[in-house]
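Visitor:
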Amino acid sequence: MFRFGTPLAGLLPALFLSRVADGLHVVIHRSVSRASFDGAKAISTNPSVLYNQAATPEDLADPALCEIRDLLYRVSGIYQMDFQFSFLVNRCRRRMKALNLSSFAAYFRYLAAPATGQDEIRNLLNEITIGETYFFRNQPQIDALCKVILPKVAALPFKQERKKIRVWSAGCSTGEEPYTLAIALLEEATRRCQDWTLEIVATDVNDDSLRRAAGGLYNEYAVRKIRPDLQSRYFCSEGSLFRVSDAARGIVKFARLNFEDLPAISAMREFDFIFCCNVLIYFDKASKQRAIANFDRSLLPGGYLFLGDCESLFHTENQFRLLHYPGATAYRKVMPGEIPGDAV
Amino acid sequence: MNPATEQLLNQRIVELGNLPVLPTVLHSLGECLSRSSENVDVERVVNLISYDESLAAQCLRLANSALFHHRSEVRTVRDAVRSMGLARVRDLVYSCSLPRLFANVKQGMAADIFWRHALGTALISQYLARRLSIKSYERFYLAGLLHDIGILVNALLFRERFHEVLRLAQTSEVPLVEVERQSLGFSHCDSGRVLANLWKLPEDLATTIECHHDPTIGGADPEMTAVVGLADSLCRLRGLGYGYYEAREFDLASEQTWKFLAAKFPAAAQLDVQGFTFELDEHAVQVKALVDAILSGSKSAS
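Chains B and Y, in that order, are what the protein sequence lines are. Note that the working numbering has the first sequence beginning at 8, numbered continuously upward. Note that the working numbering has the second sequence beginning at -7, numbered continuously upward.
1. Between the Cα of I5 (chain Y) and the Cα atoms of Y:N56, Y:A254, Y:L149 and Y:A49, which residue gives the shortest distance?
2. Is P308 (chain B) helix, strand or coil when you go by DSSP?
3. Within the same chain, show all residues whose beta-carbon is closer than 6 Å to that of V259 (chain B), passing over the 5 residues directly before and after it, in chain order.
4. Rounding to the nearest angstrom, what Cα-Cα distance links R101 (chain B) and F143 (chain B) in this structure?
5. Which residues of the stretch 224 to 248 of chain Y have a Cβ closer than 9 Å to any Cβ of chain B? Give them in chain order.
6. To the nearest angstrom, report how far apart L106 (chain B) and Y117 (chain B) are at their CA atoms.
7. So what's H331 (chain B) in DSSP terms, helix, strand or just coil?
8. Where R36 (chain Y) and S117 (chain Y) are concerned, what is the direct C-alpha to C-alpha distance, given to the nearest angstrom?
9. Let me check understanding here. Comparing Cα to Cα, which of Y:A261, Y:G211, Y:F270 and Y:S183 lies closest to L11 (chain Y)?
10. Helix, strand or coil for F280 (chain B) per DSSP?
11. Which residues in the same chain have their Cβ closer than 6 Å to the Cβ of T208 (chain Y), if we skip the five residues on either side of it in sequence?
12. So that I know if they touch, is there some Cβ in chain B lying closer than 9 Å to that of T269 (chain Y)?
13. L21 (chain Y): buried (16+ other C-beta within 10 angstroms of its C-beta) or exposed?
14. So W203 (chain B) is in the beta strand (DSSP E); what residue range does that whole segment cover?
15. Closer than 7 Å, Cβ to Cβ, to anything on chain B: give me those residues from the stretch 250 to 276 of chain Y, in chain order.
16. Cα-Cα, which of Y:R27, Y:W107 and Y:G221 is closest to Y129 (chain Y)?
17. Indicate whether at least one CB of chain Y lies closer than 9 Å to the CB of K295 (chain B).
18. Would the beta-carbon of Y86 (chain Y) fall within 9 Å of that of A48 (chain Y)?
19. Candidates Y:I41, Y:L138, Y:R74 and Y:H204: which alpha carbon is nearest V169 (chain Y)'s?
20. What residue range is occupied by the uninterrupted beta strand (DSSP E) comprising V259 (chain B)?
21. Whole angstroms are fine: how far does the CA of F278 (chain B) sit from the CA of G178 (chain B)?
22. Compare the C-beta of K159 (chain B) with all C-beta atoms of chain Y and state if any pair is closer than 9 Å.
23. Within the same chain, show all residues whose beta-carbon is closer than 8 Å to that of P(-5) (chain Y), passing over the 5 residues directly before and after it, in chain order.
24. If you scan the stretch -6 to 59 of chain Y from start to end, which runs of the alpha helix (DSSP H) of 4 or more residues do you find wholly inside it?
25. What's the call for G177 (chain Y), buried or exposed, on a 16-neighbour Cβ count within 10 Å?
26. Over the uninterrupted beta strand (DSSP E) stretch that includes S317 (chain B), give me the two end residues.
27. Can you give the beta carbon distance from F266 (chain B) to A220 (chain B), rounded, assuming they're within the 8 Å contact cut?
28. If we count the other Cβ atoms within 10 Å of its Cβ and call it buried at 16 or more, is F106 (chain Y) buried or exposed?
29. Using a 10 Å radius around the Cβ and a threshold of 16 neighbouring Cβ atoms, would you call S89 (chain Y) buried or exposed?
30. Would you mind listing the alpha helix (DSSP H) stretches within the stretch 183 to 237 of chain B that are 4+ residues and don't spill past its ends, in chain order?
31. Taking Cβ positions, are T355 (chain B) and E74 (chain B) nearer each other than 9 Å?
32. Whose C-beta lies closer than 8 Å to the C-beta of R81 (chain B) among residues of the same chain, with five residues either side of it excluded?
33. Rounded to a whole number of angstroms, what is the C-alpha to C-alpha distance between L78 (chain B) and A259 (chain Y)?
34. Does the beta carbon of E202 (chain Y) come closer than 9 Å to any beta carbon on chain B?
35. So that I know if they touch, is there some Cβ in chain B lying closer than 9 Å to that of A147 (chain Y)?
36. Using 8 Å as the Cβ pair cut-off and three pairs as the minimum, do the stretch 295 to 312 of chain B and the stretch 240 to 251 of chain Y touch?
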């Protein structure tokens, strides 16, 4: 067995408070890059890596670690790849130290125990999801949207009539995701549907994140993955920082939204695409289930839901169809008359 | 395959001299290693490998490489087989020998890209078959490894034209098989079938090579063909493809081949496809490392 270490930079940890189903308030750190091999490499060469404590081969071969991974996947839908194991090792160690446990096996028992498990899984999730975000973090997802999905959607007769594309960035944090979508859609629209209206609604529960997002000012780290021609077209430098252009900001609307606020949620309607990346992982099964049902209602027929890289709708009740694209997956809402029964 | 295509391919083969011949050692090893692990005659495998000097050397080199954390040096083929396990030995035997046969294919797909896809499809075919609880799933490995062998045949027989086909597929982001059919009038499935006949491969392998892009279910072993076809698609979607972006949407649930397997194997309905996708990504990382290790070894050996 050979595995790859994944040092992840804990930069810009956007903290926000979120209500979870049991009524407790927990601190949540969001947005970490996962799964993209490319991303893992890119981050490891970043000089500002905060964590790089190597895991030993013995650690990585510990079967209890796989059990912890599988448990995390079952309860949260989030999956730690083999090559991310040393990251998982490190974060488990922190928790084990806090709990004074000496082996992964003991920690797994603690995580799986009815009395202690639920709180501890949340603690561990908080540990492993501290991170940062940046523009074009998930290029395969953007490629799937622009190269495969958008041409299909734009060709639908009722879309041709309305000439409008609406996107919801649900859990937009400090704005990198909705602005990325704005840039990608503006680029694609000039090719395909010039006279169409583009609208991106970006929501988060954190006022602080939303203020920063609306400002549209980013450091070099956040913009480092943007293709140079796009960077010069959609950003202007302000000292050492980069400001998103008016063209991109003009089509993004920011709003505060809590997923548990049902009246506000039910006003979110008629979207073609919903992006909800690395957000549902913080929800328990019941609240995740509610969020998914709401997304279904918010989408137009045939609309698409995109999740974070290692997230899935497995173990939830839903009528979405899972679709694969190169390096990405998406869930499509069924069309009228389509049988969801054979969806997987 | 239509008779005209078959005639054309056979004629090209005659014009150019022979296609690579499958060495006897691979025939015998293949037969040995396609059995389920408890029935493999380990002694015979060790002997067959030791027979082939360069195979034996590769075997030792890989057993001692960083891919396996061995504390002491592995000195004999027997130790190498024991320490790596039969599954790895099989990966190694095929993935070392088959590229050698096609070492003179200079144009067309880059060797590392082709063999990553081949080895990836081999592993995923076997893995998918096992997850579906198909009996003697070991057989699926070789079928996966050989399924695209026609690409190499095309690169040998139609150098410039095939190069052009690849370029067109890349720039238009269209699956290779479609561009082949449009530009050449046949595909790597047809030329693969011709090679399979030449090599006298068993009919289940031959029809899988011929029909893995065919949505209709049939042939000598429809389960094998369906599984390899799906594994091929999944590999191309998860970083083990032909090295270019294929702008396509893949709806597993509506694939005829999946419906066929799902109707036949109850385990298919239980499969968490999204989770399976994540597992594929782990395999992809390992396949890349393995193929890179093997190819860098064969370069330094030659």
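Every residue gets a Cβ at the ideal spot worked out from N, C-alpha and C, and that includes glycine.
Guide: Walking through what the data contain:
1. Y:L149
2. strand
3. Residues P185, A189, I207 and A209 of the same chain have their beta carbon placed closer than 6 Å to that of V259 (chain B), with the five preceding and five following residues left out of the count.
4. 31 Å
5. S225, L226, R228, L229, R230, G231, G233, Y237, E238, A239, R240, E241, F242, D243, L244, A245 and S246
6. 9 Å
7. strand
8. 26 Å
9. Y:S183
10. strand
11. none
12. yes
13. Buried, since its Cβ has 16 or more Cβ neighbours within 10 Å.
14. Element bounds for W203 (chain B): n/a, residue is neither H nor E.
15. D264, V265, Q266, G267, T269, F270, D273 and E274
16. Y:R27
17. So, not an interface residue.
18. No, the pair does not count as a contact, with Cβ atoms beyond the cut-off.
19. Relative to V169 (chain Y), the option among Y:I41, Y:L138, Y:R74 and Y:H204 whose CA is nearest is Y:H204.
20. From DSSP, the beta strand (DSSP E) with V259 (chain B) extends over V259 to R263.
21. Roughly 15 Å separates the two Cα atoms.
22. yes
23. Residues of the same chain with a CB within less than 8 Å of the CB of P(-5) (chain Y), apart from the 5 flanking positions on each side, do not exist.
24. If only complete runs of 4 or more residues are kept, the stretch -6 to 59 of chain Y shows the alpha helix (DSSP H) at -5 to 8, 16 to 25, 34 to 43 and 45 to 55, in order along the chain.
25. exposed
26. The identity of residue 317 (chain B) in the sequence shown is Cys, whereas the question assumes Ser. It is not in any beta strand (DSSP E) - C317 (chain B) carries neither H nor E in the DSSP assignment.
27. F266 (chain B) to A220 (chain B), Cβ: 18 Å. No contact.
28. Answer is buried; the Cβ neighbour count reaches 16.
29. buried
30. 183 to 199, 214 to 222 and 227 to 230
31. Chain B is shown only over 8 to 351; residue 355 (chain B) falls outside these bounds and no answer can be derived.
32. H322
33. 21 Å
34. no
35. no
36. With a cut-off of 8 Å, the stretch 240 to 251 of chain Y and the stretch 295 to 312 of chain B do not count as touching, because too few Cβ pairs lie within range.
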